[in-house]
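Colleague: This is the structure I want to talk about, given as structure tokens.
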Amino acid sequence: EAQVTQNPRYLITVTGKKLTVTCSQNMNHEYMSWYRQDPGLGLRQIYYSMNVEVTDKGDVPEGYKVSRKEKRNFPLILESPSPNQTSLYFCASSLALVETDTQYFGPGTRLTVL
Amino acid sequence: AQSVTQLDSHVSVSEGTPVLLRCNYSSSYSPSLFWYVQHPNKGLQLLLKYTSAATLVKGINGFEAEFKKSETSFHLTKPSAHMSDAAEYFCVVSDYSSASKIIFGSGTRLSIRP
Numbered sequence: 001e002a003q004v005t006q007n008p009r010y011l012i013t014v015t016g017k018k019l020t021v022t023c024s025q026n027m028n029h030e031y032m033s034w035y036r037q038d039p040g041l042g043l044r045q046i047y048y049s050m051n052v053e054v055t056d057k058g059d060v061p062e063g064y065k066v067s068r069k070e071k072r073n074f075p076l077i078l079e080s081p082s083p084n085q086t087s088l089y090f091c092a093s094s095l096a097l098v099e100t101d102t103q104y105f106g107p108g109t110r111l112t113v114l
Numbered sequence: 115a116q117s118v119t120q121l122d123s124h125v126s127v128s129e130g131t132p133v134l135l136r137c138n139y140s141s142s143y144s145p146s147l148f149w150y151v152q153h154p155n156k157g158l159q160l161l162l163k164y165t166s167a168a169t170l171v172k173g174i175n176g177f178e179a180e181f182k183k184s185e186t187s188f189h190l191t192k193p194s195a196h197m198s199d200a201a202e203y204f205c206v207v208s209d210y211s212s213a214s215k216i217i218f219g220s221g222t223r224l225s226i227r228p
């Protein structure tokens, strides 16, 4: 089944404790991205990657890191989480960086930083 | 710069009555436009998309949207609401000539009354 998977689905952590949220897709998509969803703000893009070893900042990159060492994986790293990073996070992928491409979303990771 | 405005944060309709979710956009280019749906505790799923072909776009589950360039609108409609339509709906503009390549609206929560 074609899908985007994320782990963990739920995470509660404390300020400053490094964490990684994994994202994997099995559709051989080139383009992957991370979003955060906050009430009343819709989804905002954190980082995106057009292909292996190619990443770029989205609209809200501060406090986040990403890497793209393999085509299928695109982990999101919070080196020193803070409470304002409490949010619902979505990973997405699409075939390429083309305007008309549909994005496929993972199920989401709900992160709480205390 | 591109932007998306969903004019209603919450819409409530009775089962069997029409649904109208409004979306206006601004873009300096000819964008692609999407509607995604998010059911509770789920990821986002594509409903339909406009990619400069027919201006009336049909999607899944009986939804459709009409691209009106003169009004810069892309409203989502359905003739008869079903209880299973209760969800959050996001209008998205995709313009890869822009620095912010993909912009999400803030979302409209659709409630269905029995």
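Protein sequences appear in the order of chains A and B. Under my numbering, the letters of the first sequence match residues 1 to 114, in that order. Under my numbering, the letters of the second sequence match residues 115 to 228, in that order. Heads up, the beta-carbon is just placed ideally off N, CA and C, and yes, glycines get one too.
1) Quick check on A:Leu95 - is its C-beta less than 8 Å from some C-beta in chain B?
2) Reducing DSSP to helix, strand and coil, say where B:Ser146 ends up.
3) Here's a check: name, in chain order, each residue in its chain whose Cβ is nearer than 7 Å to the Cβ of A:Phe90, leaving out the five neighbours to either side.
4) Since A:Gly63 and A:Ser82 are thought to touch, with beta carbons under 8 Å apart, how far apart are those beta carbons, to the nearest angstrom?
5) Restricting to Cα atoms, I'd like to know which of A:Thr86, A:Ala2, A:Thr112, A:Ser94 is closest to A:Ser49.
6) Check each residue of the segment 119-134 of chain B: if its Cβ is closer than 9 Å to any Cβ of chain A, include it; give the result in chain order.
7) Could you work out which residues of chain A lie near B:Ile216, taking near to mean beta carbons separated by less than 7 Å?
8) Any beta-carbon of chain A closer than 8 Å to the one on B:Phe188?
9) By DSSP, does A:Asn84 sit in helix, in strand, or in coil?
10) Smallest Cα separation from A:Thr112: which of A:Val21, A:Gln3, A:Leu97, A:Ala2?
11) Quick one, which residues of the segment 148-161 of chain B are near chain A if we go by CB-CB under 9 Å, in chain order?
12) Looking at the structure shown, is B:Gly176 part of a helix, part of a strand, or coil, going by DSSP?
Modeller: This is what the structure gives:
1) For the purposes of this step, residue 95 of chain A is taken as residue 95 along the first sequence, with counting starting at 1. Not an interface residue.
2) By 1-based counting over the second sequence, the position of residue 146 of chain B is 32. Strand.
3) Stepping through the first sequence from its first residue, residue 90 of chain A is reached at position 90. Closer than 7 Å at the Cβ level, and outside the excluded window around A:Phe90, lie Tyr35, Gln37, Leu43, Phe105, Gly106, Gly108.
4) Within the first sequence, numbered from 1, the residue matching residue 63 of chain A stands at position 63. Within the first sequence, numbered from 1, the residue matching residue 82 of chain A stands at position 82. Confirmed, Cβ separation roughly 7 Å.
5) Taking the first sequence and counting its residues from 1, the one referred to as residue 49 of chain A is at position 49. Answer by Cα proximity: A:Ser94.
6) Gln120, Ser123
7) Walking along the second sequence from the start, residue 216 of chain B turns up at place 102. The answer, in chain order, is Gln45.
8) Position 74 of the second sequence holds residue 188 of chain B. It does not; no Cβ of chain A falls within 8 Å.
9) Along the first sequence, read from residue 1 onward, the residue named residue 84 of chain A stands at position 84. Reduced to three states, the DSSP call for A:Asn84 is helix.
10) The residue labelled residue 112 of chain A in the question sits at position 112 within the first sequence. Taking only the C-alpha atoms, the option nearest A:Thr112 is A:Val21.
11) Phe148, Tyr150, Gln152, Asn155, Lys156, Gly157, Leu158, Gln159, Leu160
12) Here residue 176 of chain B is taken as the residue at index 62 of the second sequence, counted from 1. B:Gly176: helix per DSSP, three-state reduction.
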